[in-house]
Amino acid sequence: MATNRADGPSESVSDTHELGDLSDLDDGELRAFPGIGTRGVVVCRVAGQLHALEDNCSHADTPLSLGRLRGSVLVCPLHGAGFDVTDGSETGPPAWEGVPCYAVAEADDGASIDLTPLGDDGPAENFDVGGRFETR
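To convert, take the position in the sequence shown, counting from 1, and add 33; that gives the working numbering.
See below:
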């Protein structure tokens, strides 16, 4: 239990989901989990590590799990937009923004995913940089 303010304890909210045993997922392979999150997630193994992204291309609204993994880049099957599985960032056109990336924990009894997007530090802030605005 976590305590918020002086009004007493409150339940800690967790958005963790069990993925089951993923020990059979080899390097370079991916697996879709359509029932997790709002658009499903795609989990892949790169260099022995599990990574997870929202299963939806930010450019074409297409399941990324239908695409191919090339190194650490998951390529959308529709127009070839690429997303780095380690952080969800787009790797070039036609995608103009990344996709949510999630932490995956693997243990002897299976893997689990936390649907709090990695790098989600709250709302973006706009900064004036030499007469133009950038979002950080």
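For every residue, glycine included, the Cβ atom is placed at its ideal position computed from N, Cα and C.
Quick check: residue i and residue j, are their CB atoms within less than 8 Å of each other?
i, j, result
"V79", "R64", "no"
"G143", "E62", "no"
"D48", "T149", "yes"
"D54", "G81", "no"
"C134", "G113", "no"
"L97", "L86", "yes"
"A128", "C90", "yes"
State the CB to CB distance for the pair residue i and residue j, rounded to an integer number of angstroms; the pair is presumed to be in contact (CB under 8 Å).
i, j, result
"A136", "D147", "5 Å"
Would DSSP call residue i helix, strand or coil?
i, result
"S145", "strand"
"L97", "helix"
"D54", "coil"
"L102", "strand"
"A138", "strand"
"A80", "coil"
"D40", "Annotation note: pLDDT 44 at D40 (below 50); position unreliable, coordinate value reported separately. In this structure, D40 counts as helix in the three-state DSSP scheme."
Suppose the cutoff is 6 Å on Cβ atoms and the five residues either side in sequence are ignored; what does the same chain contact list for residue i look like?
i, result
"P110", "L99 and G100"
CB-CB under 7 Å to residue i, same chain, minus the five flanking residues each way: which ones, in chain order?
i, result
"D117", "S105, V106 and T124"
"F66", "L52, G73, V74 and V76"
DSSP beta-bridge partners for residue i?
i, result
"E87", "V74"
"C109", "In DSSP, C109 forms no bridge with anything."
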